[in-house]
Amino acid sequence: MGEEAGKKLRKALLKNSGNPTLAWQIFTRIASSNPPHRTSILSSIPHITRILVRAKMFTQTHYLTNLLVNNQSCSSSSFTYLLTLIRIIANAGHLDQAIPHFRALRNHFRDKPPSISYYNMLIQCSIRQNNPDFVSFLYQDLILAGVKPETYTFNLFIGGLCDSGRLEDARNLFDKMSEKGCLPNEFTFGLLIRGYCQNGLVDKGVEILDVMENLGVATNVVVFNTLVSRFCKDGKTDEAEKLVERMRLVGINPNVVTFNSRISALCSAGKILEASRIFRDMQIDKELGLPQPNNVTYNLMLQGFYTQGMLQEASALVDSMKINGVFTQLQSYNIWLLGLVRNGKLLETQSVLNEMVDKCIGPNIVSYNIVIDGLCKNGMLADARTVMGVMKSSGVPPDTVTYSSLLHGYCKKDKAGEATKILHEMIKSGCFPNTYTCNILLHSLWGQGKISEAEKLLQKMNERGYSVDTVTCNIVIEGLCKSGKVDKAIEIVDGMWTNGSAALGELGNLYIGLVDDDNNTDAVKCMPDLVTYSILINTLCKDGRLDEAKKKFIEMMKKKVYPDSLLYNIFIHSFCKAGKLSSAFRVLKDMEEKGCGKNLVTYNSLIRGLGRKGQIFEMYGLMDEMKERGVSPNVETYNNLISCLCDNERAEDAINLLDEMLLKALSPNISSFKYLISAFCKVGEFVPAREVFSISLSICGHKEILYSLLFNGLLAREEVLEARELFEAAVDRSLEIGNFLYKDLIDRLCKEEFIDLASDILKKMMSKGYTFDHASFLPVIDGLSKRGKKEEADELAERMLEMASEGKVMNKVCGDARVYEKSKKYRGSDWKTIVHRDDGSGTALRTLRRVQKGWGQGSISSFQPPKSDYLDDWDGNFPLH
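Residue numbers for the sequence shown follow full-length UniProt numbering, beginning at 1 and rising by one.
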């Protein structure tokens with residue numbers, strides 16, 4: 001009778017598994033029936049438990065536990081089914097709900113502990129669900145219960161301790177294994193070695209490898225790969241190579257994972273040339289028994305080339321991958337897209353997307369998001385919207401990342417209205433904003449100085465349940481630093497260590513209610529991170545407060561917030577800028593000891609610092625080191641060296657660097673040519689100056705600064721006629737003339753009796769619509785009058801007075817202080833200076849007075865432009881930003 005009832009109950013539960021409430025009612029009705037039927041329901045416990053767990057009806061599971069522990073008639077079956085109940089709940093990912101049931105089991109069946117395999121299952125669940133406290137309880141419980149742990153049990157404990165960073169505890173447990181009658185196996189050693197490597201203690205990992213070999217435990221390729229990868233990440237390539245040789249000596253052949261680990265680490269450290277050599281050896285040295293590269297290898301190299309801006313190498317690799325038939329994965333295409341976007345090749349991404357469609361390889365949401373994000377970051381918002389339209393028509397709906405990228409793009413352009421439309425469109429499509437989205441808006445508001453709007457957004461985030469995370473706090477801290485309130489930012493960071501995001505209350509009453517630490521556990525987790533300290537330290541360094549920056553650096557290290565290359569570069573740049581090269585190189589040494597490799601920014605800062613000290617030999621040394629390490633110099637690198645060589649009168653050597661740039665297809669910029677033109681003009685070497693000038697025009701175009709540099713150099717060396725030709729060429733191209741010493745040119749032409757040429761220059765300037773310094777007319781009027789060309793002199797004087805009466809001034813303020821000093825004696829607005837000139841005869845003055853009488857005007861001072869009271873402009877009609 002009981003067995004038949006049990007079958008009926010299981011059948012009823014199975015039939016109503018989709019209706020957990022009804023299934024539970026059926027179960028409880030039968031369970032509360034007469035005692036003879038109670039044993040029949042025990043076999044249904046697993047069935048009803050699964051139904052309750054799927055419906056998250058955990059309160060009802062406690063009824064089952066009570067039913068089982070109170071069943072005196074069949075305690076053995078009750079024990080078995082209670083174990084099953086706990087296992088079902090734990091394996092479903094609800095360990096916190098399973099723990100009370102396990103404690104009830106141990107309290108009721110004190111003398112009957114579970115098997116070691118059952119403990120192992122619970123330990124696994126505890127580690128997987130990140131519950132270290134229950135792991136500790138389980139270890140103590142199995143020891144007290146007299147259950148003998150297995151090596152597998154210790155492996156679980158050691159792995160969990162290593163993953164949580166408790167390496168000392170893991171090592172102590174490892175040492176106690178023999179006391180418990182367990183010997184460590186290769187997995188035990190591997191777990192401990194991995195733990196040390198993950199925490200940057202690779203030397204400790206090698207010690208464990210030594211112990212492993214001394215005990216005769218077989219090593220394996222996974223253990224060696226772990227150590228090799230860590231050595232490479234730490235920049236210790238020699239140690240990595242020694243370890244690979246050690247593998248071969250013990251009869252373990254490095255596999256493709258070994259090589260991929262080395263290549264990945266080298267690429268991450270910016271040592272792309274070293275990675276490329278290994279990659280090449282894998283391709284061609286088959287006789288050495290090296291593994292052939294796989295898709296992962298190719299993808300790592302492709303990503304590495306793009307990260308270092310080596311576009312030609314990346315393009316060649318893509319072609320090679322296509323020829324070899326390995327460019328078939330969506331991941332490879334996404335790496336290609338990301339590389340193009342990050343290197344500004346946005347137009348090429350369209351052809352890549354088309355190719356993906358043609359070959360039926362995606363594109364997926366990641367592909368589209370890469371392109372849209374790149375377009376938005378480069379301000380190409382209309383193009384981003386177009387790609388989003390293609391994305392929708394292809395059946396790929398935008399997600400929160402897509403909308404967040406667009407939102408960021410519009411915020412960056414200060415288009416608040418468009419950003420709001422994107423936000424509404426996002427919500428309407430079912431993609432609700434997350435903390436990241438809100439942080440984008442918050443960053444925009446702080447950046448625009450809209451503090452009150454930022455405060456309101458923070459309050460809305462709190463009201464709608466969005467957590468105020470470390471990123472949010474960093475946005476506020478950065479806003480304070482940019483607005484000059486770094487000391488207030490420091491107060492908030494100090495407060496975050498104890499109060500989490502509630503430290504924002506330091507800003508005032510409006511922020512105090514944003515976060516309640518008693519009710520919001522996220523606030524406690526909201527601790528300062530590397531970005532937080534980077535913001536503070538960068539601001540302190542820029543303000544010249546280097547000692548305070550160093551104190552903050554020491555503080556973050558004590559708090560176990562470890563620096564990266566970016567933070568080290570901030571210090572190196574600041575010390576180099578302050579002329580403290582010895583301090584910069586001490587930071588560099590510490591940087592390398594901590595496993596942070598030098599990158600392009602590091603080298604540029606050091607080369608610039610050495611340049612300021614004139615240490616040319618050392619600069620070349622760093623350039624050579626860059627090339628050896630696979631770090632490609634950029635335009636800034638070359639400009640730093642060119643500038644230093646030019647300052648030290650070694651312009652011929654600087655020309656060689658210009659040639660080197662052109663050979664590498666690295667386009668020099670205007671600064672490159674400015675240094676060279678100025679240097680050659682300074683020593684009167686006009687042949688190479690003209691050559692450089694000609695090259696600069698073909699690369700940079702016809703820029704005013706290039707013309708004015710050569711012009712002023714020619715004029716300084718009395719090359720007046722050549723200077724005139726260059727100036728007229730600039731005027732013909734309608735370039736600005738604010739940096740040209742054109743008044744000196746006109747004056748010298750007049751002194752050398754080239755009055756007609758000087759007059760032609762004035763006429764050309766006027767015909768082109770230029771407005772220029774009125775004093776330029778005076779030497780020409782003087783010269784024409786002396787030659788008896790009264791009519792022409794009167795015409796120029798009249799034009800001069802017309803310009804003055806219209807209040808015209810120079811079209812551009814002189815940017816060069818030396819140009820200003822040389823030209824200010826003829827300032828157009830100072831008519832008294834013009835009238836009382838002492839550098840010529842009074843002919844020009846008499847001409848002006850004669851023309852003035854013909855106009856029927858008053859005194860000459862009346863031609864001075866009327867004064868403008870600039871305070872009149874501040875009537876409140878101007879925006880505050």
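Each residue gets a CB set at the ideal place from its N, CA and C atoms; glycine is no exception. Since the structure is predicted, the reported quantities are computational estimates derived from the model, not experimental observations.
| Given a threshold of 16 other Cβ atoms within 10 Å of its Cβ, counted over all protein chains shown, does Asn-19 qualify as buried or as exposed? | The residue you call residue 19 lines up with position 19 of the sequence shown. By the neighbour-count rule (16 or more Cβ atoms within 10 Å), Asn-19 is not buried but exposed.
| Nonlocal neighbours in the same chain, by C-beta distance under 7 Å from Gly-235, ignoring five residues either side | As a position in the sequence shown, residue 235 is number 235, starting the count at 1. Only Ala-269, Glu-592, Gly-595 and Gly-597 meet the Cβ criterion.
| request: Ignore the nearest five residues each way along the sequence and tell me which others in Leu-83's own chain have a CB closer than 8 Å to its CB. | output: Taking the sequence shown and counting its residues from 1, one reaches residue 83 at position 83. These residues qualify, in order along the chain: Leu-105, Pro-114 and Tyr-118.
| DSSP-derived helix/strand/coil call for Thr-539 | Position 539 of the sequence shown, counted from the first residue, corresponds to residue 539. Per DSSP, reduced to three states, the secondary structure at Thr-539 is helical.
| query | Rounded to whole angstroms, how far is the Cβ of Met-388 from the Cβ of Thr-402, which I believe are closer than 8 Å? | reply | For the purposes of this step, residue 388 is taken as residue 388 along the sequence shown, with counting starting at 1. For the purposes of this step, residue 402 is taken as residue 402 along the sequence shown, with counting starting at 1. Indeed, because the Cβ distance is near 7 Å, the residues count as touching under 8 Å.
| request: Starting from the Cα of Asn-107, find the closest Cα among Asn-66, Ile-127 and Ile-30 and give me that residue. | output: Residue numbering aside, residue 107 sits at position 107 when the sequence shown is read from its first letter. The candidate whose alpha carbon is nearest that of Asn-107 is Asn-66.
| Assigned exposure category for Lys-11 - 16 Cβ within 10 Å defines buried | Taking the sequence shown and counting its residues from 1, the one referred to as residue 11 is at position 11. Exposed, by the Cβ-count rule.
| request: Specify, as a first and last residue, the run of the alpha helix (DSSP H) that Gln-25 falls within. | output: In the sequence shown, the residue the question calls residue 25 occupies position 25. In the DSSP assignment, Gln-25 falls within the alpha helix (DSSP H) that extends over 20 to 31.
| said: Assuming the contact rule is C-beta atoms closer than 8 Å, Phe-575 and Ser-583 should be a hit. Round their C-beta distance to whole Å, please. | reply: Taking the first residue of the sequence shown as 1, we reach residue 575 at position 575. Taking the first residue of the sequence shown as 1, we reach residue 583 at position 583. Indeed, because the Cβ distance is near 4 Å, the residues count as touching under 8 Å.
| Where Asp-399 sits in the DSSP three-state scheme | Position 399 of the sequence shown, counted from the start, is the residue given in the question as residue 399. Asp-399: coil per DSSP, three-state reduction.
| field | For Met-765 and Val-731, believed in contact at Cβ under 8 Å, the rounded distance | value | For the purposes of this step, residue 731 is identified with residue 731 of the sequence shown, where counting begins at 1. For the purposes of this step, residue 765 is identified with residue 765 of the sequence shown, where counting begins at 1. Going by Cβ atoms, the distance from Val-731 to Met-765 rounds to 6 Å, so yes, they are a contact pair.
| query | Whose C-beta lies closer than 7 Å to the C-beta of Cys-644 among residues of the same chain, with five residues either side of it excluded? | reply | Working through the sequence shown from its first residue, we reach residue 644 at position 644. Contacts found: Gly-611, Gly-614, Ile-616 and Met-619.
| Per-residue DSSP class, three states only, for Lys-751 | Position 751 of the sequence shown, counted from the start, is the residue given in the question as residue 751. The answer is helix: DSSP assigns Lys-751 an H, G or I state.
| task | For Arg-10, name the three-state secondary structure that DSSP assigns. | result | Residue numbering aside, residue 10 sits at position 10 when the sequence shown is read from its first letter. Taken through DSSP and simplified to helix, strand or coil, Arg-10 comes out as helix.
| request: Could you tell me if Gln-161 is buried or exposed, where buried requires 16 or more neighbouring beta carbons within 10 angstroms of its beta carbon? | output: Within the sequence shown, the letter at position 161 stands for residue 161. The question names Gln, but residue 161 in the sequence shown is Leu. Looking at its Cβ environment, which holds 16 or more other Cβ atoms inside 10 Å, Leu-161 is buried.
| query | How should Asn-538 be labelled, buried or exposed, when 16 other C-beta atoms within 10 angstroms of its C-beta is the threshold for buried? | reply | Position 538 of the sequence shown holds residue 538. Asn-538 should be labelled buried.
| said: Within 8 Å, do at least three Cβ pairs link the region 489 to 497 to the region 429 to 446? | reply: No contact exists between the region 429 to 446 and the region 489 to 497.
| On the three-state DSSP scale, how would you describe Leu-340? | As a working mapping, residue 340 is identified with position 340 in the sequence shown. Residue state, collapsed to three classes: helix.
| query | Which class does Arg-733 belong to by DSSP, given the choice of helix, strand or coil? | reply | The residue labelled residue 733 in the question sits at position 733 within the sequence shown. Correct three-state label for Arg-733: coil.
| Cβ pair Ser-672, Tyr-638 closer than 8 Å | On the sequence shown, residue 672 is found 672 positions in, with the first residue counted as 1. On the sequence shown, residue 638 is found 638 positions in, with the first residue counted as 1. For Ser-672 and Tyr-638, yes; Cβs fall inside 8 Å.
| What residue does the alpha helix (DSSP H) around Val-573 start on, and which one ends it? | Stepping through the sequence shown from its first residue, residue 573 is reached at position 573. In the sequence on display, residue 573 carries His and not Val. His-573 -> alpha helix (DSSP H) spans 565 to 577.
| Length of the line joining the Cα atoms of Leu-536 and Gly-309 | In the sequence shown, the residue the question calls residue 536 occupies position 536. In the sequence shown, the residue the question calls residue 309 occupies position 309. Rounded to whole angstroms, the gap between the alpha carbons of Leu-536 and Gly-309 is 29 Å.
| field | Inter-residue Cα distance where the pair is Pro-36 and Phe-109 | value | Here residue 36 is taken as the residue at index 36 of the sequence shown, counted from 1. Here residue 109 is taken as the residue at index 109 of the sequence shown, counted from 1. Caution applies to Pro-36, whose pLDDT of 44 falls short of 50 and renders its modelled position unreliable; the value that the coordinates give is listed next. Approximately 23 Å between the Cα atoms of the pair.
| request: Put Tyr-152 into one of helix, strand or coil per three-state DSSP. | output: If you number the sequence shown from 1, residue 152 lands on position 152. DSSP places Tyr-152 in helix when its eight states are reduced to three.
| query | Just the Cα atoms here: how many angstroms apart are Glu-206 and Trp-497? | reply | On the sequence shown, residue 206 is found 206 positions in, with the first residue counted as 1. On the sequence shown, residue 497 is found 497 positions in, with the first residue counted as 1. Per the sequence presented here, residue 206 reads as Val, with Glu not at that position. Approximately 35 Å, taken between the alpha carbons.
| request: Apply the 10 Å Cβ neighbour rule to Tyr-196 and answer buried if 16 or more other Cβ atoms are within range, or exposed otherwise. | output: One-based indexing of the sequence shown puts residue 196 at position 196. It counts as buried.
| said: Quick check: the Cα distance between Lys-176 and Pro-184, rounded to an integer number of angstroms? | reply: Here residue 176 refers to the residue found at position 176 of the sequence shown. Here residue 184 refers to the residue found at position 184 of the sequence shown. Cα-Cα distance, rounded: 10 Å.
| request: Report all residues from its chain with a CB closer than 8 Å to the CB of Leu-300; omit the five preceding and five following residues, and keep chain order. | output: What you label residue 300 is simply residue 300 of the sequence shown in a count that begins at 1. The answer, listed in chain order, is Asn-260, Ile-263, Ser-264, Cys-267 and Ala-275.
| Mapping DSSP to helix, strand and coil, what is Tyr-770? | Position 770 of the sequence shown, counted from the first residue, corresponds to residue 770. Correct three-state label for Tyr-770: coil.
| query | Does the beta-carbon of Pro-397 have 16 or more other beta-carbons within 10 angstroms, so that it is buried, or is it exposed? | reply | On the sequence shown, residue 397 is found 397 positions in, with the first residue counted as 1. Flag for Pro-397 reads exposed.
| Same chain, Cβ closer than 8 Å to Ile-655, neighbours up to 5 away in sequence not counted | Position 655 of the sequence shown, counting from 1, holds the residue named residue 655. These residues qualify, in order along the chain: Leu-676, Pro-688 and Val-692.
| task | Just mark Gln-140 as buried or exposed, buried being the case when its beta carbon has 16 or more other beta carbons within 10 Å. | result | In the sequence shown, residue 140 corresponds to position 140, counting from 1. Exposed, because fewer than 16 other Cβ atoms sit within 10 Å of the Cβ of Gln-140.
| field | C-beta atoms of Thr-297 and Ile-252 nearer than 8 Å | value | Indexing the sequence shown from 1 puts residue 297 at position 297. Indexing the sequence shown from 1 puts residue 252 at position 252. Result no, Cβ atoms of Thr-297 and Ile-252 do not sit closer than 8 Å.
| Can you name, in chain order, every residue of its own chain whose Cβ lies under 6 Å from the Cβ of Leu-567, other than the five neighbours on each side? | Stepping through the sequence shown from its first residue, residue 567 is reached at position 567. Ser-534.
| request: Output the boundary residues of the alpha helix (DSSP H) element that contains His-101. | output: As a position in the sequence shown, residue 101 is number 101, starting the count at 1. That run of the alpha helix (DSSP H) goes 95 to 108.
| field | Cβ-based neighbour list, Gln-331, same chain, cut-off 7 Å, excluding 5 preceding and 5 following | value | Looking up residue 331 in the sequence shown gives position 331. Only Asn-299 meet the Cβ criterion.
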